[in-house]
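Numbering (our numbering), first residue to last: -4 to 200. Here the structure is laid out as structure tokens; the discussion comes afterwards.
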Amino acid sequence: MKKTVLNPAFYQHYSVEEVAQALLGKVLVTHKEGIYTSGMIVETEAYSGRHDKACHANNGKRTPRTEIMYAEGGHIYTYLIYGMHILFNVVTNMEGLADAVLIRAIEPLEGLEHMQVRRKLSHQQVGKGPGALCKALGIGKPDYGLYLEEASGIWIEDRGIKVPEQEVVKAPRVGVDYAGDDALLLRRYYLKNNMHVSKVIKNYS
DNA sequence: TCGAAGATGAACT
DNA sequence: GTTCATCTTCGAG
């Protein structure tokens, strides 16, 4: 099987929306404390630092938390939401432009038994949802600011999986109602008919 | 220093 | 479909 770790040029593309779509079908891998787990990315959302009220770093807003989004593409942005869930983002674009892609769901490939242990065997679909996949892959706050490469224990591979345009569904992002009109932007991308997608919305199929 | 809200998920009725 | 767990972050005072 052809296997290539994604290079910086992939993440530093100027269009976060194109990177978000290109990440579908890629494989997110973690190797931590001797445990190897991986899953194919089946759902993403694009967030732009400019003209996007749903983004934490909208319109040049800079806080200690969002600082990493201004770094060059390929860095990892993790943060805690609702006091209990970690969300995993991939920073894109060049230094100074705060774009990022939220990984919302994966289809488990390797290390499923480890993921189930991390998820306490409570659910079959261990990678369904942004908080759930972080728990399954062992991603946490200590990963904030790392670069996506094998040395970090977190990276993304291209295994030659091709995702046809007609298999990609575009839909509004989830949980960003506070963003007003920007909540309506079709910046959520997921694989049509994939069981591991976190939420399926009617009228978008 | 303090208060409010949040890019969610699981367990309920 | 509804409720609730749970705590960092950030902006206001």
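We treat Cβ as the ideally placed atom computed from N, Cα and C, and that holds for glycine. No experiment lies behind these values; they were computed from the predicted model shown.
**Report entry** Beta bridge counterpart(s) of Ala183 as assigned by DSSP
**Finding:** Per the sequence presented here, residue 183 reads as Arg, with Ala not at that position. Paired residues: Glu40 and Ala166.
**Report entry** Assigned exposure category for His46 - 16 Cβ within 10 Å defines buried
**Finding:** Exposed: under 16 other Cβ atoms inside 10 Å.
Query raised in the report: Three-state secondary structure (DSSP) at His109?
Result: helix
Requested in this report: Would you mind sorting Leu181 into buried or exposed? The rule is 16 or more other CB atoms within 10 Å of its CB.
Outcome: Residue environment: Leu181 is assigned as exposed (fewer than 16 neighbouring CB atoms within 10 Å of its CB, all protein chains considered).
Query raised in the report: What does DSSP give as the partner residues of Pro59 in its beta bridges?
Result: Pro59 is not bridged to any residue.
**Report entry** Residues of its chain near Ile98, where Cβ-Cβ distance is below 8 Å and the 5 sequence neighbours each way are ignored
**Finding:** Apart from the 5 residues on each side of it in sequence, Ile98 sits with its Cβ closer than 8 Å to the Cβ of Leu18, Leu23, Ile36, Glu38, Thr39, Phe83, Asn84, Val85, Pro125 and Leu128 in its chain, given in chain order.
Query raised in the report: From Lys136 to Ile81, what distance separates their C-alpha atoms?
Result: Going from the Cα of Lys136 to the Cα of Ile81 covers about 7 Å.
**Report entry** Whole-angstrom distance between Arg154 and Glu62, CA atom to CA atom
**Finding:** If I take the Cα positions, the gap works out to 31 Å.
Report task. Name the two residues that bound the continuous alpha helix (DSSP H) containing Val11. Result -> Val11 to Ala17
Query raised in the report: Just curious, the beta strand (DSSP E) that Lys27 is in, first and last residue?
Result: Val22 to Lys27
Report task. Using alpha carbons as the reference points, say which of Ser193, Tyr72, Val158 and Glu108 lies closest to Ala93. Result -> Tyr72
Query raised in the report: Roughly how many angstroms lie between the CA atoms of Tyr185 and Glu13, to the nearest whole one?
Result: 13 Å
Requested in this report: Measuring alpha carbon to alpha carbon, tell me which of Glu108, Glu152, Lys157 and Ile156 ends up nearest Gly133.
Outcome: Glu108
Report task. Confirm, please, whether the CB-CB distance from Gln16 to Asn88 is below 8 Å. Result -> no
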